[in-house]
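Counting from 153, one number per residue, gives the positions in the sequence shown under our numbering. No residue lacks a Cβ here, since even glycine has one placed at the ideal position from N, Cα and C.
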Amino acid sequence: SPAFTNQKWYRQNWMTVEFGLVYRWHSALPETLTYDSKQIPMMDSLWNNEMLINKGLGPLFEETCSQPGSKIGLFNTSEFLIPVELKSIELGRQAQLASYNDYREMCQFPRVTDFDQITADEDTQRELKRLYGDVNKIEFYVGLYAEDVPQNSAVGALVTRMIAVDAFSQALTNPLLAENIFNEETFSQVGWEVIQNTNTLSELVNRNSPQQDKKYKVTFDNP
Ligand code: HEM
Numbered sequence: 153s154p155a156f157t158n159q160k161w162y163r164q165n166w167m168t169v170e171f172g173l174v175y176r177w178h179s180a181l182p183e184t185l186t187y188d189s190k191q192i193p194m195m196d197s198l199w200n201n202e203m204l205i206n207k208g209l210g211p212l213f214e215e216t217c218s219q220p221g222s223k224i225g226l227f228n229t230s231e232f233l234i235p236v237e238l239k240s241i242e243l244g245r246q247a248q249l250a251s252y253n254d255y256r257e258m259c260q261f262p263r264v265t266d267f268d269q270i271t272a273d274e275d276t277q278r279e280l281k282r283l284y285g286d287v288n289k290i291e292f293y294v295g296l297y298a299e300d301v302p303q304n305s306a307v308g309a310l311v312t313r314m315i316a317v318d319a320f321s322q323a324l325t326n327p328l329l330a331e332n333i334f335n336e337e338t339f340s341q342v343g344w345e346v347i348q349n350t351n352t353l354s355e356l357v358n359r360n361s362p363q364q365d366k367k368y369k370v371t372f373d374n375p
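What follows is the structure, given as structure tokens:
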């Protein structure tokens, strides 16, 4: 390996293939979205800069935040994303990922021995059994999203744990956060202050909206 890999400024800028699946929350997308109080097909928003330009950053964020996503999990994918999900499953196979159960073990969850330990949903259990026959054969991506989602959570237990693993192994190790880069010299005094004093997406959006007298509601929390 090169001589500098032990230097403290040396950080790899990589993301494992698993995390491209852990964050693939396509079932959160409904078939349509609300734009200017009208329902439009989700696909109409792709490569459509006019939607942003005509409405403006603040109002667009406010309207977007006011509408629900759909539940993340199997059997809840919008029609337009089915081909993408097929590609996602193919990716897992091409990369020869380990099985769902192997990833559970790696994340220090007990291996499942029965379909009813993945989900209480009997239709899902039946379908997994029909397709895989054996719990050890369930693929990573399918197993991740077959799991029941706990009350007040957006994703299942294995997704949640893998996101925590990602924070400490990949996101926070990003080169941008290296101590020799993430400092006032790099960002200037003004830039550094802005970084230190920005805590929410709402602050970011409102700061960059031209109408400074208006505060846009940018949050998924219900008041
Ligand atoms: C209209 C909305 C969306 C469309 C049409 C779309 C489409 C796609 C497509 C075509 C891919 C590549 C699939 C492949 O060949 O493997 C992809 C990957 C991905 N999508 Fe989406 N997506 C949408 C929204 C979202 C949302 C809302 C999220 C998460 C919150 C998301 C997360 C991801 C991730 C993490 C990947 C993998 C990226 C990578 O590994 O490089 N997508 N999406």
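Asked	Found
What are the start and end residues of each continuous alpha helix (DSSP H) run of 4 or more residues lying completely inside the segment 266-353, in chain order?	274-284, 292-298, 309-318, 336-349
Please report the straight-line C-alpha distance between residue 267 and residue 249, rounded to a whole angstrom.	20 Å
Looking only at DSSP bridge pairs, what is residue 190 linked to?	187
For residue 305, count neighbouring Cβ atoms within 10 angstroms of its own Cβ and tell me buried if that reaches 16, exposed if not.	exposed
By a C-beta neighbour count over all protein chains shown, 10 Å radius and 16 as the cutoff for buried, is residue 213 buried or exposed?	buried
Closer than 8 Å: is that where the CB of residue 169 sits relative to any heavy atom of the ligand HEM?	yes
How should residue 287 be labelled, buried or exposed, when 16 other C-beta atoms within 10 angstroms of its C-beta is the threshold for buried?	buried
What separation, rounded to the nearest whole angstrom, lies between the Cα atoms of residue 372 and residue 353?	11 Å
Between which residues of its own chain and residue 262 is the CB-CB distance below 8 Å, once the five residues before and five after are set aside?	256
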